Structure formats: structure tokens, C-alpha cells
Amino acid sequence: MSANDLAAIAQAMVAPGKGILAADESTGTIGKRFDGINVENNEENRRAYRDMLFLTRGIGDHISGVILYDETLRQKSADGSSFVKLLGKNGVLPGIKVDTGAKPLPLCPGETVTEGLDNLPKRCAEYVQLGAKFAKWRAVIDIGRDTPSSTSIAANAHALARYAAICQEAGLVPIVEPEVLMDGDHTIERCEEVTEWTLNAVYEALYLNRVVLEHTVLKPSMVISGKKCAKQAPVDEVAARTVRVLKRTVPAAVAGIVFLSGGQSDELATAHLNSMNAQFKGNLPWPLSFSYGRALQQPALKAWKGATGNVAAAQAALAHRSKMNGLASLGKYSAELERQSKAA
Ligand code: 13P
3 MSANDLAAIA QAMVAPGKGI LAADESTGTI GKRFDGINVE NNEENRRAYR
53 DMLFLTRGIG DHISGVILYD ETLRQKSADG SSFVKLLGKN GVLPGIKVDT
103 GAKPLPLCPG ETVTEGLDNL PKRCAEYVQL GAKFAKWRAV IDIGRDTPSS
153 TSIAANAHAL ARYAAICQEA GLVPIVEPEV LMDGDHTIER CEEVTEWTLN
203 AVYEALYLNR VVLEHTVLKP SMVISGKKCA KQAPVDEVAA RTVRVLKRTV
253 PAAVAGIVFL SGGQSDELAT AHLNSMNAQF KGNLPWPLSF SYGRALQQPA
303 LKAWKGATGN VAAAQAALAH RSKMNGLASL GKYSAELERQ SKAA
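If you count the sequence shown from 1, you need to add 2 to reach this note's numbering.
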């Protein structure tokens, strides 16, 4: 794959008005989602659920790419065509989660480092053969009384950079995802400090590992109050602090930034993204969009409940959320539009 291809893929991932659907839950994580709707976590139900999502009419209108899990990348739609083909037909790029999860970091109680570098060049080569165009690796940074440690920031930044370099050599655009968790009672100020620290370390590591920034997409968490913090910052403050940190740390060469939702409610995740784009319109070096998992899927999952008869309602819920987030990526979303579109 030539450098031009990687540039074109990265640009397509953050095309105006579009974002990414993260549907790369591991078998364990999708099991937790299925528990909530009383659906058994078996291969056919996982396939049927993803098939329902991917067959949503007009999915490509607001979704540029879908992140898949290893099993899903190999699965087929009900008519026998592969998910990769089905997505491609609708103008949606298939991506693949390549990390193998956050594992305990030795000598750093309560902290993790994301693993998956072993055999990664070989795995990436296979994923390219299977049709993947981009990849994702999620690093997890937890804010606690004595955490994060500089050890965990350095270890995670290093692994993210090694992953990104391997992907680019294999012909995949890496999504670089350092997630600062919302869990805990920390303030938004503390989240801002840790996010700035993390992103600085990540970009230093990417530079050391020769990663071409134009061929990357950043997937950060927003700067937000801890879930259990008594004082929850308002939407415009979350947006302003998030943009401030990104401007301080993320080079303008990066193709685009797509946020994770991280446990925010679906409408709040949309409102935060919209506020960033509305407040800073014309004053941002990169497109700001979404790569939501829960915030895109939750309403569809609830409507689906594992029943064929609910497929249309579930697809309508996904189409609605995708449209709202597409508008937010342009700074054109409003609570009024949310109500109107829901009622339509
Ligand atoms: P959430 O939007 O649910 O945080 O998921 C995004 C994701 O890809 C996590 O790695």
C-alpha cells in the first residue's frame, strides 16, 4: 500500500459530516452488553446483532468506517456476503481492533498496559488480506489518588507508537486511542492535567517511532469530570477544556480526531462534540468527529433485544444517532433537531 493510499484512507475516515462506529467489542465485552438485554452471548447472536447494525439503510451517510473485532471481520451477512463486502458496498471502510486488551502493569498496582504487539506484523498482514483499511489500539489510563504513574503513561505511549508504526508498515491507518477513564471522583481539572500529560507522551513516542502523523487518526477521551465527582462541568466547559488540551498537544499534521464516548450518555456525547465544533468553528487544525461505541449503539441495542421483529426499530435508532452525531461533527446539532428527528 502506498503512502497516498494511507493518506486517502485517513482523510476518508474523517470526511465532513461523518464519523466512525466502534463495533469492536471483544467477546467478553459484547457479553456484558447482551446481559443487559437478556440475549445469550453466542457466535450466531453476535453475528445477527452486527448484521442488523451494518444493514442499516444509509449507514454510509454519516458513518465513514466501522471498527470490527477479529471474529466479526471474518463473519458474513445473512445473504452470504462478507461483512467487509457489505460495508464496502455502502461506502463504509472496515477497520480492525488489533490490541489484545489492557493487562496488569507489573509493579504498578491497579494500572494496566495494553498488550498485542507479539506477532502484530503477521496479524496486520492477514487483516489487510481480509480487507481491513485501518486499525485500532486502546490504551487505558486510570485516574486515582496516586495514579496514573509515569511508568504507565510511558509504557502505554510506547506500545501505542510501536503499534502505529507496525500498522503503517503493513498498510493500515492506525487509530491511536489513549483513553483517560471517566471512572472515579476526580475533578475536570485533574482530567485535563492527565489528558495533557498522556497526549504529550503519546506524540513524543510516535515521533521516536517514525510514525507519519498525516496517516494517523487520534481517538481521545474528552476532558470531563469523573463520573462520581460531585461537580459535573457543563457542556461548553467540557468542550472548551478538551479543545484547549488538544491544541496544546496534537500536531496539526494529524489527519483527524474522533472521540470515544467512554460511558457518557448518547445525547451528552453528541452535545459535547457539537459544542466543540460550534464554539471553535474555523479555528481548529483538524476535523473533530466521533468514534463512539456505546453512545451510538445503546439505543439500537435496547430496541433490538435479540428479536428479528425489532430489527427495523433498532436500525432506525442507529440511523438517528448517526445522523445526530454527523450534525455534531459540523457544529449543526441542537436539542430541537434531536426531538424533531426522533419524532419523524
Ligand atoms: P465507547 O464509545 O463506548 O467508549 O467505545 C469506543 C471504543 O472503541 C472503546 O475502545
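Ideal Cβ placement from N, Cα and C applies to all residues, glycine included. Quick caveat: nothing in here was measured; it's all calculated off a predicted structure.
A check of alpha carbon separations from residue 311 across 17, 54 and 49 identifies 54 as the nearest. Around the ligand 13P, the residues whose beta-carbon falls short of 5 Å from at least one of its heavy atoms are 24, 140, 262, 263, 264, 294, 295 and 296, given in chain order. Taken in chain order, the complete alpha helix (DSSP H) segments of 4 or more residues contained in the stretch 58-133 are 72-75, 85-91 and 122-131.
Per the C-alpha coordinates, the member of 217, 256 and 152 positioned closest to residue 171 is 217. By the neighbour-count definition (other C-beta atoms within 10 Å, threshold 16), residue 210 is an exposed residue.
In the DSSP assignment, residue 140 is bridged to 179. Contact annotation: residue 346 and residue 320 have beta-carbon atoms that are not nearer than 7 Å. Judged by DSSP in its simplified three-state form, residue 262 adopts coil rather than helix or strand. The three-state reading of DSSP puts residue 223 in coil, since its state is none of H, G, I, E or B.
Burial check for residue 29: the Cβ neighbour count within 10 Å stays below 16, so the residue is exposed. Per the C-alpha coordinates, the member of 120, 104, 200 and 83 positioned closest to residue 113 is 104.
Around the beta carbon of residue 236, fewer than 16 other beta carbons sit within 10 angstroms, so the residue counts as exposed. Taken atom to atom, the span from the alpha-carbon of residue 304 to that of residue 323 is near 13 Å.
Taking the Cα positions, residue 199 is about 43 Å away from residue 313. In the structure shown, the three-state DSSP call for residue 22 is strand. Annotated three-state conformation of residue 277 is helix, per DSSP. If you draw a straight line from the Cα of residue 281 to the Cα of residue 179, it is about 24 Å long. Ranked by how close their Cα comes to the Cα of residue 33, the residues 75, 48 and 76 have 48 in first place.
Put simply, of 56, 260, 37 and 164 the residue whose alpha carbon is nearest the alpha carbon of residue 332 is 260.
With fewer than 16 neighbouring CB atoms inside 10 Å of its own CB, residue 287 falls in the exposed class.
Excluding its 5 nearest sequence neighbours in each direction, residue 318 has C-beta neighbours in its own chain below 8 Å: 305, listed in chain order. In this chain, the beta strand (DSSP E) harbouring residue 291 covers 290-294.
Spatial neighbours of residue 140 in its own chain (CB-CB distance under 7 Å, excluding positions within 5 residues in sequence) are listed in chain order as 101, 116, 179 and 181. Annotation: the continuous alpha helix (DSSP H) that includes residue 165 extends over 152-172. Per DSSP, reduced to three states, the secondary structure at residue 285 is coil, with no helix or strand assignment. If you look at residue 329, you'll find it in the alpha helix (DSSP H) that goes 313-330.
Under the three-state reduction of DSSP, residue 342 is assigned to helix. One alpha carbon belongs to residue 71, the other to residue 336, and they sit about 33 Å apart.
Separation of the CB atoms of residue 67 and residue 22 is rounded to 5 Å, and the pair is thereby assigned contact status at 8 Å.
For the pair of segments examined, the stretch 218-228 was found to touch the stretch 191-207: the number of CB pairs separated by less than 8 Å reaches three. Going by beta carbons, residue 343 and residue 294 fall outside the 7 Å limit. Excluding five sequence positions before and after residue 183, the CB atoms of its chain that fall closer than 8 Å to its own CB belong to 142, 143, 144, 145, 223 and 264, given in chain order.
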